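Before any comments, here is the structure.
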Amino acid sequence: MSSAITACDLRRTFKGEIEAVRGIDLDVARGEIFGFLGPNGAGKTTTVRMLCTLLPPTSGSARVGELDVVAEPAAVRRRIGVALQEIGLDPLQTGRELLELQCGLYGILGARAQARVQELLELVGLLDAAERRTKTYSGGMKRRLDLASALVHSPGVLFLDEPTTGLDPASRLTIWEEVRRINAQGTTVFLTTQYLEEADQLCDRVAIIDDGRIVAQGTPEELKSQLGHDVVSVELHGADLAATQAAIGELEGLDRVVAGSGALALYLEDGPGSIAEIVRRLDGARIRVGAVSVARPSLDDVFLRATGRRLEGDREESRREEARA
Amino acid sequence: MTETLLLGRRAVREVIRLPAATIPTLFIPLFFLAVNIGQISLTFPSTTPFLHGQGYVGFQLPVSLMFAVCTATSGLALVTEIELGYFDKLLVAPIRRSAIIFGRLAADLVRGLAVATLVLLVALAFGMQVRSGVPGALVLIALAALWGVAYAGIGMLVALHTRNVQATNASFLVFFPLLFLTPNFVPFERLTPLMEALARANPVSYVIEGLRSLVLEGWVLDKLAICCGVILLTGLVLTWLSVRAIDAYDR
Chain E
2 MSSAITACDL RRTFKGEIEA VRGIDLDVAR GEIFGFLGPN GAGKTTTVRM LCTLLPPTSG
62 SARVGELDVV AEPAAVRRRI GVALQEIGLD PLQTGRELLE LQCGLYGILG ARAQARVQEL
122 LELVGLLDAA ERRTKTYSGG MKRRLDLASA LVHSPGVLFL DEPTTGLDPA SRLTIWEEVR
182 RINAQGTTVF LTTQYLEEAD QLCDRVAIID DGRIVAQGTP EELKSQLGHD VVSVELHGAD
242 LAATQAAIGE LEGLDRVVAG SGALALYLED GPGSIAEIVR RLDGARIRVG AVSVARPSLD
302 DVFLRATGRR LEGDREESRR EEARA
Chain L
1001 MTETLLLGRR AVREVIRLPA ATIPTLFIPL FFLAVNIGQI SLTFPSTTPF LHGQGYVGFQ
1061 LPVSLMFAVC TATSGLALVT EIELGYFDKL LVAPIRRSAI IFGRLAADLV RGLAVATLVL
1121 LVALAFGMQV RSGVPGALVL IALAALWGVA YAGIGMLVAL HTRNVQATNA SFLVFFPLLF
1181 LTPNFVPFER LTPLMEALAR ANPVSYVIEG LRSLVLEGWV LDKLAICCGV ILLTGLVLTW
1241 LSVRAIDAYD R
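Sequences listed follow chains E and L, in order.
Taking my numbering, the leading residue of the first sequence gets 2, the next gets one more, and so forth.
Taking my numbering, the leading residue of the second sequence gets 1001, the next gets one more, and so forth.
Given below as structure tokens:
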């Protein structure tokens, strides 16, 4: 299958020698939903901005189809649709006016534009709100309108930068449905997200980015199966980490132990069969823990294995920091 | 061209839908017009030679027009779009970036025509007459509005370079020295030598002189030609710099 997006050793350094993207390679096939998963500040948005021609790379190269993003930016822009993390809407225009303008900017005018706008408003379920100014829209409605505005010219490649961040679960599901429907019509979707579930549910393939580097890449199932183990989580709930680890000691089929924030993750060949032994050992050492559970590996476990920390933990921490701020 | 028209139409719609952004810009020029006339008209009665038989309101009108049309509104609109993310949406569309600038300037022209007309009507209500007649009044409004378009480049330049609302808003302050280092209260000849030298070096003086000539003297072609030249040159330079700034944005 030919490539919709490729990147080769793509790098971006900002003033102050801040390396936001440190040499990434990508190969996104036509027609797939490709997830770019990583925590805040990992380099997702910087990568998208480079691929969308909004930001020149410091070095390396990237292509959309056969078009180089640096050498042929105008041609690239005609091929792509973009919905960035900041919802790009003009608050003083109505939904219909905004889409009509967007059509005009892509050379779709008159009756063609009106028909396309009507079609898109129906697609994203905003016909009833079409004559209202966008400043009166809810977060979910704004996101859907932004998505519609990225689709006016039926782009071959659609970039969605954290399209569901800040949305309630119902709105998130609506966006997922839209993305699936758009993809079913043949559009390649490059989607950045910090939500594991989103990447797992929606994406054909996923690249995990951390600190400007891709640390894992493949289908969600491939990535999870590469771990080859079950994951037994031991919630510490105040128990001493070192003592707990020492008490559990060596187990049959234990691949590795990773200490996260407030929990131990044990990668075992046979998780369910090992739980009884783990509990017995903890009991014998008189260590009381919160919970012991077993699960198939998740993308968070893939992230943990690749980076040494959990993505979910990172997000919780950043949420707490936001709340404190 | 189509993209400029589309973006211009959007910007004009914005002016109409957000009168709160335009109305305050009218307060200062009308306030200055009323206060200056109230305070100085007895000092300079209509027999004063430089008033050419008119009241002081005719002398002051161009200054008020300058106040009314010189704003940072377009710069503020631009920087607000940068903050909202809509600017990125425009940048990623397959259009010339300069269309974003020219679209904003279209709105400045419409806003300038509206506020200049209003200020002129207030001056006429004060008893002022336009010596060059109705055509002169129309030219007066058009030149004032075009000066507003030319001046808008300052706000847009600051917006594109700083991406900061406060800095863009403060760019309006640049206009105060430009406006007051002119023959705004009395003609060149009545200024102190230092002030006269500064005023003669200030291009805004010649815009005021040109507009004033239409009100007080009729069709004085040399003054009008210099006025048009200054507006054109200022407009070309500031617009060129704005287009350069938007072309270099994040590149």
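In this text, a Cβ means the ideal position worked out from N, Cα and C, and glycines have one as well.
Small disclaimer: the values here were computed from a predicted structure and weren't measured.
Interface annotation, ARG1017/L: in contact with chain E, CB-CB separation under 8 angstroms. The beta carbon of GLU1209/L sits closer than 6 angstroms to those of LYS1223, all from its chain and outside the five residues before and after it, given in chain order.
In the structure shown, the three-state DSSP call for PHE37/E is strand. With fewer than 16 other Cβ atoms inside 10 Å of its own Cβ, LYS16/E counts as exposed. In the structure shown, LEU255/E falls within a strand segment according to DSSP collapsed to helix, strand and coil.
Look at the segment 1085 to 1097 of chain L: the residues with a C-beta under 7 angstroms from a C-beta of chain E are GLY1085, TYR1086, ASP1088, LYS1089, LEU1091, VAL1092, ALA1093, PRO1094, ILE1095. With a threshold of 16 other beta carbon atoms within 10 Å, TRP1147/L meets it and is buried. Runs of the beta strand (DSSP E) lying entirely within the segment 128 to 177 of chain E, each at least 3 residues long, are 158 to 162 in chain order. Rounded to the nearest whole angstrom, the CA to CA distance from ALA1170/L to ALA1021/L is 15 angstroms. The three-state secondary structure of PHE1176/L, taken from DSSP, is helix. Contact annotation for THR1002/L against chain E: GLY105, GLY108, LEU110 [CB-CB distance below 8 angstroms, chain order]. In its chain, beyond the 5 residues on either side, LEU1007, LEU1090, ILE1246 have a beta carbon closer than 7 angstroms to the beta carbon of ILE1100/L. For VAL1149/L, the enclosing alpha helix (DSSP H) begins and ends at 1133 to 1162. Of all residues in the segment 50 to 69 of chain E, only ARG50, CYS53, THR54, LEU55, LEU56, PRO57 come within less than 9 angstroms of chain L when Cβ atoms are compared, listed by chain position. Look at GLU87/E: its C-beta is under 8 angstroms from a C-beta on chain L. Among the residues of chain L, those whose CB is under 7 angstroms from the CB of VAL83/E are VAL1092, following chain order. DSSP places LEU265/E within a strand segment (E or B) once states are collapsed to three. Three or more Cβ pairs drawn from the segment 1201 to 1221 of chain L and the segment 1063 to 1083 of chain L lie within less than 8 angstroms of each other, which places the two stretches in contact. When Cβ pairs closer than 8 angstroms are counted between the two stretches, the segment 1187 to 1206 of chain L is seen not to touch the segment 1034 to 1042 of chain L, the count staying below three. Interface residue (Cβ-Cβ distance to chain L less than 8 angstroms): ALA149/E is not classified as such. Exposure of GLN1166/L is indicated by the presence of fewer than 16 other C-beta atoms within 10 angstroms of its C-beta. In the DSSP assignment, ILE1028/L falls within the unbroken alpha helix (DSSP H) covering 1023 to 1040. Judged by DSSP secondary structure, PHE15/E falls within the beta strand (DSSP E) whose first and last residues are 4 to 15. Around the C-beta of LYS136/E, fewer than 16 other C-beta atoms lie within 10 Å, and the residue is accordingly described as exposed.
VAL1149/L and GLY1235/L do touch by the CB rule: their CB atoms are close to 6 angstroms apart, below 8 angstroms. Interface residue (Cβ-Cβ distance to chain E less than 8 angstroms): LEU1076/L is not classified as such.
Neighbourhood of ARG1010/L in chain E, by CB distance below 8 angstroms: ASP91, GLN94, GLU98, LEU102, in chain order.
In the structure shown, ILE1226/L adopts helical secondary structure according to DSSP, grouped into three states. Here GLY96/E is not near LEU161/E, since their CB atoms are 8 angstroms or more apart. Residue contact check for ARG133/E against chain L: no CB pair falls below 8 angstroms. For ARG214/E, the three-state secondary structure derived from DSSP is strand. Taking 8 angstroms as the cut-off, the beta carbon of GLY261/E is found closer than this to the beta carbon of ARG311/E. The beta carbon of ASP69/E sits closer than 7 angstroms to those of SER62, all from its chain and outside the five residues before and after it, given in chain order. Taking C-beta separations shorter than 7 angstroms and ignoring five residues to either side along the sequence, the partners of CYS9/E in its chain run ASP26, GLY61, SER62, following chain order. Straight-line spacing of the CA atoms in GLY309/E and VAL259/E works out to 7 angstroms. One Cα belongs to LEU1221/L, the other to MET1156/L, and the distance between them is close to 32 angstroms.
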